[in-house]
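Okay, structure first, notes after.
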Amino acid sequence: MTLWRRRAAIPALHHVQGNVLRPFGYTRGAHLFMHVPDARAGRAWLHQVVGTVTDAVDWPGAKPVAARNVSLTYAGLEALGVDPRVRAALPEAFRAGMAGRAAVLGDDGPCAPERWDAGLGTGAAHVLVSLFADDAPTVEREVDDVRSSASRWGLDVVVDQRTAQLLGAREHFGFSDGFSQPTISGVPSMPGADGVPDRFGRLRPLPLGEFVHGYPDIDSDDPPALPPPFHRNGTFQVWRKLAQDVDAFNAYTARHGDVLGLPAATVAAKMIGRWQDGTPLSLFPSSPGGEEVARDADRTNTFCYGDDPRGERCPLGAHVRRANPRDGLPFGGVMTARHRMIRRGMPYTDGDDRGLVFVAFVADIERQFEFVQQHWCNDGDAFGLGDEPDPIVGRNARLTSQHGKTTLGGAPPRFLSPLAEFVTTRGGEYLLLPSIDALWALADGRSLWRCRSGR
Amino acid sequence: MTTRVTLLAAVTEQRLPSLRGALGVLPLGSDGPFASVPGTHYARWVLLTRLGPPLLLFSAVTDVSARPYLQSMVENLPPEAQVVWEHCDGWPHQASVEEKTAWLEARCYRPHLTFATVEATVQDIVAGIDARRRLGAFAAANQGLEPAALQKAFRAEFGP
Ligand code: HEM
């Protein structure tokens with residue numbers, strides 16, 4: 027395994043869009059999906075907007091009041107008139123779109139694309155502008171600005187989804203979220219970022235190409251490239267709106283806590299694999315690690331599962347253990363290394379409708395995001411759990427089937443059964459978040475084979 | 007106990023789009039066409055287009071040896087899946103089941119390294135999964151019982 031021998035590549039930060047390699051760190055967001063009426067209008071609009079997209083270069087002083095990303099769906103590339111040969115060379119999952127991959131993702135029943143929010147999964151969403159700021163008036167101002175440039179060129183806003191951090195960066199079930207992220211070689215790491223365990227249990231950084239196109243990845247110094255102009259400095263963005271039934275979750279953990287003789291908070295922690303304060307069950311199996319540890323991102327995220335093979339401290343089927351099993355699968359971290367993702371989600375609250383806008387950046391949608399959702403969250407086989415699903419984001423049909431259960435570990439083991447639907451997919455899209463120069467190429471209509479060759 | 011079947015058939019370039027279409031509409035999983043071919047652990051078609059002239063690779067792990075399996079496939083595959091074979095060069099359209107089976111067999115290769123660790127029949131495996139499910143459901147439904155009560159409940163469910 028040459029995982030650790032890859033050449034450390036230095037990303038071209040002025041070409042990569044911001045928020046990918048390091049989080050912007052704002053507390054509010056707005057996601058505007060727009061429909062492009064025709065290629066000319068779309069390119070003219072893009073021309074006006076590309077200059078406002080935030081790159082990944084360090085902010086020298088205080089951070090700007092707002093920041094922006096622009097990404098495109100496959101239908102969006104088509105609408106912008108991208109050469110069919112370029113489009114045909116893009117990966118199948120991206121071309122099919124999230125709705126087209128419903129069977130892979132387990133989006134059926136109440137999660138089926140036919141039931142998604144208007145504007146998502148229908149081919150109507152072409153471009154996504156994601157705006158971030160720290161206060162509501164700034165977000166409004168930014169949204170107005172994007173809306174007015176869109177209307178000038180005849181683009182329709184088909185989805186306008188706002189997001190806002192909850193107090194203490196919690197998600198709606200009350201858990202601290204978003205801090206466990208992969209360390210990437212060549213990128214100054216965030217506190218607490220974890221790598222991939224080698225066979226000695228040491229955490230090693232992941233090569234840049236796992237997340238940004240055109241750089242060495244785990245498998246190769248020269249992985250297969252996307253067609254120009256998307257061959258370098260871009261990434262794929264998974265955008266998924268997940269509604270959370272907080273009342274059902276709280277009632278469930280309280281009721282099952284009574285049955286099992288455990289506090290509701292412990293049941294909830296066993297489902298997630300961390301306590302609400304973010305401290306991991308692996309290090310603190312019986313009660314939360316406490317505020318001081320929770321604040322120390324390195325302490326909350328430097329742990330492995332190899333010394334807990336039966337899930338006695340952290341259940342084998344807990345959400346975080348499934349989503350990143352670290353060294354919990356055979357051969358140390360080798361089995362998990364190629365399935366990592368950078369997560370940049372934020373909660374949304376639309377009256378009673380609450381949930382998470384899950385956002386992930388990956389070099390390969392199928393190998394990273396879809397693999398985790400399909401094999402690790404919708405099924406339990408990899409962990410010796412048969413077809414047990416993830417109790418939070420597992421396929422709902424499996425959660426509620428008569429066999430739906432989660433094994434909490436311990437001797438004798440305890441179970442949560444039956445499970446319930448706590449999270450429902452409300453819609454989503456797969457997007458390409460191109461490099462900034464690729465955005466210019468698109469705006470200029472230069473998305474042709476000949477516009478650039480190789481590296 | 008299990009057999010690995012590996013077969014390569016040539017496909018002309020012009021038929022590729024139509025073959026892709028035929029493969030693309032086949033349902034997956036338990037609705038897939040091979041669910042109607044008894045003794046299939048897994049079976050799949052893969053189009054190899056980057057290695058030279060296009061080839062259709064068929065590989066399967068089966069309970070029976072290659073010939074009876076291929077014959078059963080010819081007899082049992084639903085029409086929308088039979089169409090896949092009809093795209094191959096030289097497929098004997100009007101021929102008998104035996105001739106079609108012989109045509110397929112003539113294109114089989116003995117693979118040197120296949121990854122198939124199952125040494126049980128499809129039926130054994132299905133029964134095993136079912137037993138596991140029942141045991142899991144039993145464990146969840148009876149958790150917390152005292153040993154004697156648990157043993158009694160176990161016997162009631164699974165017999166002495
Ligand atoms: C509403 C739905 C979801 C909720 C409430 C949720 C909640 C959480 C929480 C509380 C954590 C621990 C905090 C952290 O490690 O940053 C976490 C981690 C994580 N989640 Fe989720 N999550 C959701 C959906 C998803 C989905 C759909 C995926 C991917 C298929 C996913 C993948 C991950 C990953 C990879 C981690 C990091 C695990 C680690 O590195 O240890 N999550 N999630």
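Taken in order, these protein sequences are the chains called A and B.
Its first residue numbered 27, the first sequence is counted upward by one per residue in the working numbering.
Its first residue numbered 7, the second sequence is counted upward by one per residue in the working numbering.
All residues carry an ideal CB built from backbone N, CA and C; glycine is no exception.
| Query | Result |
| --- | --- |
| Could you confirm whether any beta carbon from chain A is found closer than 8 Å to the beta carbon of E145/B? | With the sequence shown as reference, residue 145/B is identified as Ala, and Glu is not the correct amino acid for it. Chain A contact via Cβ: present. |
| Taking buried to mean at least 16 other C-beta atoms within 10 Å of its own C-beta, is Q20/B buried or exposed? | exposed |
| For the pair the segment 151-165 of chain A and the segment 97-116 of chain A, tell me if three or more CB-CB distances fall below 8 Å. | yes |
| Grab the span of the alpha helix (DSSP H) containing P23/B for me, first residue to last. | 22-30 |
| Since F387/A contacts V46/A with CB under 8 Å, what's their CB separation in whole angstroms? | 5 Å |
| From G142/B to R348/A, what does the alpha carbon distance come to, in whole angstroms? | 19 Å |
| Return no unless some Cβ of chain A is closer than 8 Å to the Cβ of G30/B. | no |
| Cα separation between R127/A and A159/A? | 32 Å |
| Where are the alpha helix (DSSP H) runs, 4 residues long or more, that stay fully inside the segment 116-172 of chain A, in chain order? | 118-126, 128-131 |
| Residues of chain B with CB under 9 Å from A129/A, in chain order? | L34, G35 |
| If we cut at 8 Å on Cβ distances, does K296/A have a partner in chain B? | no |
| Should H93/B and L25/B be called a contact, given that it needs their Cβ atoms to be closer than 8 Å? | yes |
| State yes or no: is the C-beta of L131/A within less than 8 Å of the C-beta of E396/A? | yes |
| Roughly how many whole angstroms lie between the Cα atoms of F50/A and P86/A? | 14 Å |
| Give the C-beta separation of G145/A and G371/A to the nearest angstrom, bearing in mind that I take them to be a contact with Cβ-Cβ under 8 Å. | G145/A to G371/A, Cβ: 19 Å. No contact. |
| For G482/A versus H198/A, is the C-beta distance shorter than 8 Å? | Absent from the structure is residue 482/A, since the part of chain A shown begins at 27 and ends at 481. |
| Let me make sure I understand the geometry here. Which of R393/A, W265/A, T451/A, D407/A has the alpha-carbon closest to that of L58/A? | W265/A |
| Got a sec: is the Cβ-Cβ distance from G142/B to anything in chain A below 8 Å? | yes |
| Would you kindly work out how many angstroms separate the C-alpha atoms of L474/A and A464/A, rounded to a whole number? | At L474/A, the pLDDT of 49 sits below 50, so the modelled position is not reliable and the matter cannot be decided from this model. |
| Considering only heavy atoms of ligand 1, does any lie closer than 7 Å to the CB of C403/A? | yes |
| With V11/B and A66/B assumed to form a contact (beta carbons below 8 Å), what rounded beta-carbon distance in angstroms separates them? | 4 Å |
| When the Cα of A129/A is compared with those of D37/B, V17/B, V132/B, A15/B, which residue comes out closest? | D37/B |
| Among residues of its own chain, excluding the 5 on either side of V132/B, which ones have a beta-carbon nearer than 6 Å to its beta-carbon? | none |
| Given 7 Å as the limit, tell me if L268/A has its C-beta closer than that to any heavy atom belonging to ligand 1. | yes |
| Please indicate yes or no: does the CB of M367/A lie closer than 7 Å to some heavy atom of ligand 3? | This structure lacks ligand 3; the ligands present are ligand 1. |
| Quick check on D243/A: buried or exposed, where buried means 16 or more other Cβ atoms within 10 Å of its Cβ? | buried |
| Scan the segment 56-114 of chain A and note each continuous beta strand (DSSP E) run of 3 residues or more that stays entirely inside, going in chain order. | 92-98 |
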